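Peer 1:
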Amino acid sequence: MAERARESVIIGILHGPNLNLLGTREPHLYGTATLDDITASLTRVAADLGVELRVAQSNSEGTLIDIVHEWRGLVRGVVVNAGAYAHTSLALRDAFAATSLPFVEIHLSNVYAREAERHHSMLAGAAIGTVTGLGAQGYEFALRGLVSALRQR
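Numbering (the numbering used here), first residue to last: 3 to 155.
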């Protein structure tokens, strides 16, 4: 008997404002890995996990929300680094709630060791989990954690 083909699982990777400047933007805070470096690493991890990726970046809050809306029904979950919007955007949180997309929030730097306004995330309360302060490697932990959580559902 032929084995049924395994349904492809697609995971979204969503990068917010200023992350297009990784590698040169405040490397003492964010490291020297570029967005392309992070995507290449995540692509290898995704292959290991048997999932596909959709990757997007925008400096615009509205565009990030539009991407979340477009991913409804396409991706099973999202790893999101919303950058500064994590601390200010109820609209982005609402987009995740409206689409019922589970997500893991990531921050490259330890936001709790930085300015007080970065200590609160508008997204964290709705997230499956958060990864904070582990640099570019944190994306791998977030992806692995998200896929594991989705498979347990």
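Each residue gets a CB set at the ideal place from its N, CA and C atoms; glycine is no exception. Because the structure is a prediction, the values reported are computed rather than measured.
Can you grab the Cα-Cα spacing for the pair Leu125 / Thr41, in whole Å?
Peer 2: The residue given as residue 125 occupies position 123 in the sequence shown. The residue given as residue 41 occupies position 39 in the sequence shown. So the two alpha carbons sit approximately 22 angstroms from each other.
Peer 1: Return the residue from the list Ser10, Glu72, Leu94, Gly75 that minimises the CA-CA distance to Val82.
Peer 2: Locating residue 82 in the sequence shown gives position 80, where the first residue counts as 1. For the residues Ser10, Glu72, Leu94, Gly75, the minimum Cα distance to Val82 belongs to Leu94.
Peer 1: Can you tell which of Gly64, Thr36, Glu54 has its C-alpha closest to the C-alpha of Val77?
Peer 2: Numbered from 1 along the sequence shown, position 75 holds the residue referred to as residue 77. For Val77, the nearest C-alpha among the options comes from Glu54.
Peer 1: Taking all protein chains shown into account, decide if Ser102 is buried (16 or more other Cβ within 10 angstroms of its Cβ) or exposed.
Peer 2: Against the sequence shown, residue 102 aligns to sequence position 100. By the 10 Å Cβ count, Ser102 comes out exposed.
Peer 1: From Leu16 to Leu37, what distance separates their C-alpha atoms?
Peer 2: Within the sequence shown, numbered from 1, the residue matching residue 16 stands at position 14. Within the sequence shown, numbered from 1, the residue matching residue 37 stands at position 35. For Leu16 and Leu37, the distance between alpha carbons rounds to 11 angstroms.
Peer 1: Is the separation between the beta-carbon of Leu152 and that of Gly79 shorter than 7 angstroms?
Peer 2: On the sequence shown, residue 152 is found 150 positions in, with the first residue counted as 1. On the sequence shown, residue 79 is found 77 positions in, with the first residue counted as 1. In this structure, Gly79 lies closer than 7 angstroms to Leu152 by Cβ.
Peer 1: Is Ala162 near Gly18, with beta carbons less than 7 angstroms apart?
Peer 2: Outside the displayed range of the chain (3 to 155) lies residue 162, so it cannot be described from this structure.
Peer 1: Please report how far the alpha carbon of Ala4 lies from the alpha carbon of Gly75, in whole angstroms.
Peer 2: For this step, residue 4 is matched to residue 2 along the sequence shown. For this step, residue 75 is matched to residue 73 along the sequence shown. Summary for Ala4: the model assigns pLDDT 37, below 50, so the residue's position carries little reliability, and this model does not support an answer.
Peer 1: Is the stretch 127-140 in contact with the stretch 105-113, if contact means three or more CB pairs nearer than 8 angstroms?
Peer 2: A contact exists between the stretch 127-140 and the stretch 105-113.
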